[in-house]
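For reference, the structure discussed in these notes is given below.
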Amino acid sequence: MVEENYNKKKKMNPILWFLFAIVIPIIIVLVLVITILNIAGIDVVNWAKEKGNNVPVLSNVITTEEEEAKENEKSNYVQNMESKEEEIEQLNQTISDLEATVNDLEQEITRLEANASDEALEQEEIEMENESTDQAISMVAKSYEEMDSEQAALILESLEADSTVAILQSVNEEVRGAILEAMNPETAAELTQLLMENGKE
């Protein structure tokens, strides 16, 4: 058993010997050399990066300042592109919102124009009716001006009050006075009141 332990120690000894005799002293020497060169003003780290970048396997692991600058520039470019894309999306959304508003306003304009044309047609019809009514009243009023005032008074008393007032407004003042004089006093008073009210309007 003791011999087995001794044999195991012998087998481990070459590994320990290699570690303590070769690897650790090399590491200590490298640290001392790098420290001395840095104190002397030589940039050992950048020199090692430049030389290591020329070695095929190490070049994938080591990044130089130029490569870092390119990576930073690339990431900045990507960030700028992403922000520009977001701005474009926002602008497209704004454009679609404005187009929808324009469409709504165009529909409102079309509706208002249709309403305005309908109102214009109605107004035109009313004006035409009023004009034809005015022409008819003027024609009838001329007939009453040429008629005897007593006969005109009898006819006008049998008409509706609105029609009588319209005709009396269209005849001249002398004929109107003669017709009202020939009428029943109560009817004449009522028509005079209506004439005064229509005159205020």
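1 is the number of the first residue of the sequence shown in the UniProt record's numbering; add one for each residue after it. Ideal Cβ placement from N, Cα and C applies to all residues, glycine included.
Discussion item. Taking the beta carbon of residue 15 as the centre, do at least 16 other beta carbons fall within 10 Å, making it buried, or is it exposed?
Written reply: exposed
Discussion item. Suppose only complete runs of 4+ residues qualify. What are the alpha helix (DSSP H) ranges in the region 121-183, listed by chain order?
Written reply: 149-158, 161-170 and 173-182
Discussion item. Can you list, in chain order, the residues of its chain with a C-beta nearer than 8 Å to that of residue 157? Leave out the 5 residues immediately preceding and following it.
Written reply: 164, 183, 184 and 187
Worksheet item: Assuming residue 126 contacts residue 166 under a Cβ cut-off of 8 Å, what Cβ separation, rounded to an integer in Å, is found between them?
Response: About 16 Å separates the two Cβ atoms, so there is no contact after all.
Discussion item. Using 7 Å as the threshold, is the C-beta distance between residue 153 and residue 179 below it?
Written reply: yes
Item to complete: Identify every run of the alpha helix (DSSP H) within the region 23-99, keeping only runs that are complete inside it and at least 4 residues long; order them along the chain.
Response: 24-40, 44-54 and 56-61
Practice prompt. Using 10 angstroms around the beta-carbon of residue 143, count the other beta-carbons present and answer buried if the total reaches 16, otherwise exposed.
Written response: exposed
Fill in: Pick from 159, 23, 129 and 169 that is closest to residue 145, judged by C-alpha positions
169
Worksheet item: Can you give the Cα-Cα distance for residue 107 and residue 116, rounded to whole angstroms?
Response: 14 Å
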